[in-house]
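Under my numbering, the sequence shown has 50 at position 24, and the numbering climbs by one with no breaks. Note that CB positions come from ideal geometry on N, CA and C, so glycine has one too. Since this is a predicted model, take the numbers as computed values, not measurements.
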Amino acid sequence: MTLLAKTPTPPYYAVIFTSVRTAGDNGYGEVADRMVSLAEQQPGFLGMESAREEVGITVSYWLDLDSIKQWKQNVEHLGAQKMGREQWYETFKVRIAKVERDYGL
């Protein structure tokens, strides 16, 4: 995974996941790596960017809303979501946005 996702010409979708972690790893790192590997195999996945300080922000890019829905229902991803609610996050927010324009270097 590169630092900045190489996305196609818009439109496409962004899932923005912001979170505040609980103390300790509790298996988070290993599962997070597995989720990246799984997402990369998911139809419609375009890329991902992530950063963590006090607040973690992960943005994944998707071809369409159906691709996002299918990823949300992935069995392993459902397990990770459950662990996130129960152990890994003090709080989190998921936002889904349509990217209509992008530009950069």
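Inset, instruction - Consult DSSP for G73 and reduce its assignment to one of helix, strand or coil. - result: Translated into positions along the sequence shown, residue 73 becomes position 47. If DSSP states are grouped into helix, strand and coil, G73 belongs with the strands.
Inset, instruction - Run the CB neighbour count on I94, radius 10 Å, all protein chains shown included, and call it buried at 16 or more, exposed below. - result: As a working mapping, residue 94 is identified with position 68 in the sequence shown. The residue is buried, with at least 16 neighbouring Cβ atoms inside 10 Å.
Legend entry - G55 versus A31: straight-line alpha-carbon distance, rounded: Mapped onto the sequence shown, residue 55 falls at position 29. Mapped onto the sequence shown, residue 31 falls at position 5. Each residue's Cα considered, the two are about 21 angstroms apart.
Inset, instruction - Compute the beta-carbon to beta-carbon distance between V167 and I122, rounded to the nearest angstrom, for a pair I have assumed lies under 8 angstroms. - result: Because the chain here runs from 27 to 131, residue 167 falls outside it and cannot be looked at.
Legend entry - Helix, strand or coil at S95 according to DSSP, with G and I counted as helix: On the sequence shown, residue 95 is found 69 positions in, with the first residue counted as 1. Sequence check: residue 95 is Lys here, not Ser. It is helical.
Legend entry - Sufficient close CB pairs (3 or more, under 8 angstroms) joining the stretch 110-118 to the stretch 64-72: no
Inset, instruction - Determine which residues share a DSSP beta bridge with R47 and list them. - result: Looking up residue 47 in the sequence shown gives position 21. DSSP, once it has assigned bridges, lists Y115 as partnering R47.
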